[in-house]
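Notes for the one structure printed next.
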Ligand code: DSN
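Numbering (the working numbering), first residue to last: 9 to 418.
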């Protein structure tokens with residue numbers, strides 16, 4: 009057997025070190041358990057298993073069938089769903105599978121504008137969703153909240169075939185029941201993409217879309233804290249069509265090692281500690297929001313109900329790209345992000361998006377978050393002051409030492 013390539017090994021060690029020495033506030037990232045890591049790095053990567061449990065196009069799938077059945081059963085239990093497809097390689101693929109299940113090219117989709125916090129797979133012009141379908145975007149009101157009356161008005165006016173609820177950068181609770189009612193009133197399919205908030209949903213900390221949506225998609229790696237990938241949940245009547253759309257419609261062989269990682273993560277999510285973790289994610293975000301606002305950053309909607317916040321950094325004389333870079337210089341990772349009605353371009357927008365799932369997995373609690381947030385705002389407020397920058401870096405060093413990452417991993 010070949011031995012590990014030194015260049016690849018060196019890069020893997022470098023990334024482990026970067027993650028150990030830094031603090032991740034990227035709202036869509038998290039830190040999986042060693043058990044998830046080991047499932048994803050397992051021998052299941054060697055297997056081909058096109059098809060579904062009990063009906064595969066390759067032999068030798070007895071164990072793989074059990075793995076996939078386990079993941080499906082756990083996903084259904086977690087979400088209270090009638091059917092789960094655990095094969096989508098990514099959220100984007102899951103959404104495309106849903107589009108091709110229910111829509112024809114040219115059909116209308118009513119979805120949240122990327123510039124208001126929506127996701128690129130919900131209809132951005134240069135994404136397959138925007139190329140194949142006719143997109144009617146809804147935005148947010150002047151305070152950054154979804155305006156449900158406006159969504160209803162647009163639905164009535166345009167009679168879309170599908171309405172998408174769910175967002176990539178929305179700090180407040182989403183009223184899935186309202187979306188369900190609006191969709192029903194115009195005979196539209198309601199797709200809820202809960203990639204960001206799935207962990208909150210399954211622990212009862214955010215209302216579930218399951219009773220109000222025809223189909224729900226989510227990634228498994230954000231607040232769900234599983235491996236990179238996605239799942240689709242739907243009512244039984246749509247099960248066969250959804251399964252066909254995933255395979256053979258879009259994908260070939262599933263990534264069985266990732267499905268094992270999903271099954272492992274779902275087992276973790278079924279435990280009471282996972283609810284405690286999600287509660288802490290929300291508490292940490294609230295503390296961070298308070299400190300940031302107290303120091304001049306303007307948060308969209310004035311705060312957060314969930315794991316993320318969207319901060320306008322212009323009051324500090326910065327742009328999103330500059331703020332991202334300044335924080336990266338001291339080992340804090342965020343992403344630049346458009347804020348609602350942003351006059352600036354996506355690659356250098358007015359804001360940054362911050363989230364607490366990863367630092368909470370690492371063990372940080374309210375007090376630590378307050379210390380970290382103060383260090384961030386000091387540095388962002390006086391970016392040229394070297395001693396402030398040093399202090400911010402020192403804070404990161406103290407916190408990363410206090411909350412070591414994967415201590416036994418080499
Ligand atoms: N990139 C993910 C996010 O950050 O929201 C969604 O695809």
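Glycine included, every Cβ here is placed at the ideal spot set by N, Cα and C.
Query, Result
"Taking DSSP as the reference, what is the three-state secondary structure of residue 170?", "strand"
"How about residue 89 and residue 98: are their beta carbons less than 9 angstroms apart?", "no"
"Leaving out five residues before and five after residue 369 in sequence, what residues of the same chain have Cβ atoms less than 8 angstroms from its Cβ?", "38, 39, 233 and 285"
"Determine contact between the stretch 202-221 and the stretch 163-182, defined as no fewer than three beta-carbon pairs at a distance below 8 angstroms.", "yes"
"Taking 5 angstroms as the limit, name every residue whose beta carbon sits nearer than that to some heavy atom of ligand 1, in sequence order.", "36 and 176"
"When the distance is taken between beta carbons, is residue 167 closer than 9 angstroms to residue 147?", "no"
"Is residue 64 buried or exposed, if buried means 16 or more other CB atoms sit within 10 Å of its CB?", "buried"
"Pull up the CB-CB distance for residue 342 and residue 34, whole angstroms please, since I reckon it's below 8 angstroms.", "6 angstroms"
"With a 10 Å radius around its C-beta and 16 neighbouring C-beta atoms as the bar for buried, classify residue 357 as buried or exposed.", "buried"
"Which term fits residue 381, buried or exposed, when burial requires 16 or more other beta carbons within 10 angstroms of its beta carbon?", "buried"
"Would you identify the three-state DSSP class for residue 232, choosing helix, strand or coil?", "coil"
"Buried or exposed: which applies to residue 390, given that a residue is buried once 16 or more other Cβ atoms fall within 10 Å of its Cβ?", "exposed"
"Going straight from the alpha carbon of residue 423 to that of residue 366, what length do you get?", "In the structure as shown, the chain begins at 9 and stops at 418. Residue 423 is therefore absent and cannot be evaluated."
"Based on Cα-Cα distance, which residue from 277, 189 and 117 lies nearest to residue 212?", "277"
"Give the secondary structure of residue 153 by DSSP, where H, G and I count as helix, E and B as strand, and everything else as coil.", "coil"
"Look at residue 339 and residue 31 and say whether their C-beta atoms are less than 9 angstroms apart.", "yes"
"With 16 as the cutoff for other CB atoms within 10 Å, does residue 320 come out buried or exposed?", "buried"
"Using 8 angstroms as the Cβ pair cut-off and three pairs as the minimum, do the stretch 44-62 and the stretch 387-401 touch?", "no"
"Report yes if the C-beta distance between residue 379 and residue 413 is below 9 angstroms; otherwise report no.", "no"
"Please report the straight-line C-alpha distance between residue 120 and residue 153, rounded to a whole angstrom.", "12 angstroms"
"Where does residue 266 sit, in a helix, a strand or coil, going by DSSP?", "helix"
"Residue range of the beta strand (DSSP E) that residue 359 falls in?", "359-363"
"Classify residue 95 as buried or exposed, calling it buried when 16 or more other Cβ atoms lie within 10 Å of its own Cβ.", "buried"
"Who are residue 213's beta bridge partners in DSSP?", "Residue 213 is not bridged to any residue."
"What's the gap between the Cα of residue 361 and the Cα of residue 68?", "45 angstroms"
"Would residue 416 and residue 14 qualify as a contact pair, given that the criterion is a beta-carbon distance under 9 angstroms?", "no"
"Does the Cβ-Cβ distance between residue 230 and residue 204 come in under 9 angstroms?", "yes"
"Can you list, in chain order, the residues of its chain whose CB lies under 6 angstroms from that of residue 79, leaving out five sequence neighbours each side?", "94, 267, 270 and 271"
"So what's residue 224 in DSSP terms, helix, strand or just coil?", "strand"
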